[in-house]
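Participant:
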Amino acid sequence: MLRISCVTVLLLAAGLAVQPAYAESPKDVLAALQSEAARSTPDFQGFSASRGETFFKVKHGNEWSCSSCHTENPAATGKHAKTDKPIEPIAPSANAERFTNPKKIEKWFKRNCNDVLDRICTPQEKGDVLAYLLTVR
Amino acid sequence: MLNKFTNSRPLMAVAAFLLSVTMVAAYADDDEHEGNERSMGSERHASRSADNDDEGRGGEGSSSAVSNAKWKEECGSCHLAYPPRLLSAESWRAVMSGLDKHFGSNASLDPVVAAEIGDFLEQNASTRKHRSSNGVEPPLRITDTRWFKSEHREVSSRMWKNPKVKSPSNCEVCHTRAESGSFNEHDVRMPK
Chain U
5 MLRISCVTVL LLAAGLAVQP AYAESPKDVL AALQSEAARS TPDFQGFSAS
55 RGETFFKVKH GNEWSCSSCH TENPAATGKH AKTDKPIEPI APSANAERFT
105 NPKKIEKWFK RNCNDVLDRI CTPQEKGDVL AYLLTVR
Chain S
7 MLNKFTNSRP LMAVAAFLLS VTMVAAYADD DEHEGNERSM GSERHASRSA
57 DNDDEGRGGE GSSSAVSNAK WKEECGSCHL AYPPRLLSAE SWRAVMSGLD
107 KHFGSNASLD PVVAAEIGDF LEQNASTRKH RSSNGVEPPL RITDTRWFKS
157 EHREVSSRMW KNPKVKSPSN CEVCHTRAES GSFNEHDVRM PK
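Just so you know, the protein sequences line up as chains U and S, in that order.
Numbers given in our numbering equal positions in the first sequence, counted from 1, plus 4.
Numbers given in our numbering equal positions in the second sequence, counted from 1, plus 6.
1) Return the residues of the stretch 77–96 of chain U that lie within a Cβ-Cβ distance of less than 9 Å from chain B, sorted by chain order.
2) What first and last residue would you give for the alpha helix (DSSP H) that runs through T58 (chain U)?
3) With DSSP as the reference, identify every bridge partner of T151 (chain S), one or two as the case may be.
4) Can you tell which of U:A135, U:V140 and U:I94 has the C-alpha that lies nearest to the C-alpha of L34 (chain U)?
5) Rounded to a whole number of angstroms, what is the C-alpha to C-alpha distance between P30 (chain U) and F51 (chain U)?
6) Check the Cβ of K172 (chain S) against every Cβ in chain U and list those closer than 9 Å, keeping chain order.
7) Given a threshold of 16 other Cβ atoms within 10 Å of its Cβ, counted over all protein chains shown, does V142 (chain S) qualify as buried or as exposed?
8) So which residues of chain U does A113 (chain S) contact, with C-beta pairs closer than 8 Å?
9) Out of U:D119, U:L138 and U:E110, which one is the CA nearest neighbour of P127 (chain U)?
10) Could one say the Cβ of N99 (chain U) lies closer than 8 Å to chain S's Cβ atoms, at least one of them?
11) My output table needs one value for S71 (chain U): the three-state DSSP class, helix, strand or coil.
12) From W98 (chain S) to D106 (chain S), what distance separates their C-alpha atoms?
13) Within 8 Å (strictly less), CB to CB, does N66 (chain U) reach chain S?
14) Going along chain S in order, which residues have a C-beta closer than 8 Å to the C-beta of D119 (chain U)?
15) The alpha helix (DSSP H) spanning D125 (chain S) covers which residue range?
16) Below 9 Å on C-beta distance, what does N176 (chain S) contact in chain U?
17) Would you mind sorting A56 (chain S) into buried or exposed? The rule is 16 or more other CB atoms within 10 Å of its CB.
18) What distance in whole Å lies between the Cβ atoms of K170 (chain S) and V179 (chain S), which are believed to be in contact at a cut-off of 8 Å?
19) Cutting at 8 Å between CB atoms, please list the residues of its own chain near R115 (chain U), excluding the five before and the five after it.
20) Quick one: measure Cβ to Cβ for L86 (chain S) and E185 (chain S), integer angstroms, because I've assumed they're closer than 8 Å.
21) Given C177 (chain S), which residues of its chain have a CB within under 8 Å of its CB, disregarding the five upstream and five downstream residues?
22) Please list the residues of the stretch 78–103 of chain S that have a C-beta atom closer than 7 Å to any C-beta atom in chain U, keeping them in chain order.
23) Relative to the alpha-carbon of H158 (chain S), which residue among S:V119, S:Q129 and S:V194 has its alpha-carbon at the smallest distance?
24) Mapping the DSSP letters down to three states, classify H194 (chain U) as helix, strand or coil.
25) Can you grab the Cα-Cα spacing for the pair G65 (chain U) / R147 (chain S), in whole Å?
26) So P78 (chain U) and L137 (chain U) are in contact, right, with Cβ under 8 Å, and what is the actual spacing, rounded?
27) Does S103 (chain S) come out as helix, strand or coil in the three-state DSSP assignment?
28) Return the chain-ordered list of same chain residues with a C-beta closer than 7 Å to the C-beta of G62 (chain S), the five sequence neighbours on each side being excluded.
29) Name the two residues that bound the continuous alpha helix (DSSP H) containing N116 (chain U).
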């Protein structure tokens with residue numbers, strides 16, 4: 005009996021190798037942002053998808069908003085505002101690879117927040133935006 | 007039963023090991039998989055000989071285009087990953103040392119990644135004199151080189167203003183195979 009279950013484990017291991025495995029799921033990323041925000045924001049009251057949507061769509065004093073490149077529909081293919089280079093959809097529902105690689109997430113939040121706000125984003129802002137993107141179907 | 011349990015232990019260990027190996031492999035792949043070709047060392051000098059002439063006309067170098075996964079991913083996210091042979095090593099060094107002010111955007115990279123990309127660009131850079139410009143040296147823009155201007159001298163100003171072209175830096179609008187490193191004149195399709 006035990007032998008059979010061991011074979012099952014082996015088969016499972018082989019099966020996992022075929023599946024596209026991501027380092028983290030967008031929900032894991034949101035949870036990590038949540039604890040980060042709770043630590044760094046004194047009166048943190050959770051993330052808000054609607055606040056995230058507004059943040060995503062409005063300009064913050066600079067020429068671009070997030071939606072300038074990612075478009076108003078995060079499930080659609082975007083286009084770089086300057087170069088026109090196509091940008092894969094940012095919403096996890098439309099692009100399973102999004103928000104699965106912590107290094108990439110950090111890199112692009114840093115770069116894009118710098119372009120849009122001239123500063124890095126707070127954990128609250130990042131969490132609001134991700135909460136919004138997770139509602140996009 | 008006890009005996010059976012003892013015997014199955016090594017099998018369990020193998021299973022656990024296999025599991026961990028496959029997981030690690032999958033994560034590593036996730037980090038890199040946007041770069042289709044992950045060459046560096048072996049193909050690094052592949053287009054050296056192709057560099058000896060205008061890539062635009064004969065199309066030499068199109069089949070032996072050099073590549074590097076990090077270059078493709080980092081440079082190619084916002085614009086075409088411009089082939090190293092389109093600028094001199096001096097130009098690439100200047101571009102890479104000014105990434106924090108990269109044509110209006112802060113495109114700073116992780117220092118290890120930047121070093122690898124800089125190395126790749128310089129190793130495969132052009133050695134031709136006409137990669138210089140008539141202005142500030144070394145040119146940071148490919149479009150400022152005398153070579154670029156000469157190659158595109160027949161392109162009308164109206165074409166440059168075509169909204170589909172938008173900017174002379176959008177090689178791939180007309181050079182249909184630019185993404186694979188080929189600028190062969192036969193592949194040029196002007197937008198209507």
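Positions of the beta carbon are idealized from the N, C-alpha and C atoms, including for glycine.
What you are looking at is a predicted structure, and each value in this text was computed from that prediction instead of being measured.
Facilitator: According to the data block:
1) Looking at the structure shown, chain B is missing, and the protein chains on hand are U and S.
2) A53 to K61
3) S:S139
4) U:A135
5) 14 Å
6) K86, T87 and D88
7) exposed
8) R115
9) U:E110
10) no
11) helix
12) 14 Å
13) no
14) S111 and N112
15) P117 to Q129
16) T87, D88 and K89
17) Note that A56 (chain S) scores a pLDDT of 40, beneath 50, so its modelled location is shaky; the value from the coordinates is reported in the next line. With 16 or more Cβ atoms within 10 Å of its Cβ, A56 (chain S) is classed as buried.
18) 6 Å
19) none
20) 7 Å
21) L86, Y88, A184 and F189
22) C84 and H85
23) S:V194
24) What is shown of chain U runs 5 to 141, which leaves residue 194 (chain U) out entirely.
25) 28 Å
26) 5 Å
27) helix
28) Reliability of the predicted coordinates at G62 (chain S) is poor, the pLDDT of 41 falling under 50, and the value obtained from them is presented with this limitation in mind. Excluding positions up to five away in sequence, the list reads E157, F189 and E191.
29) P106 to L121
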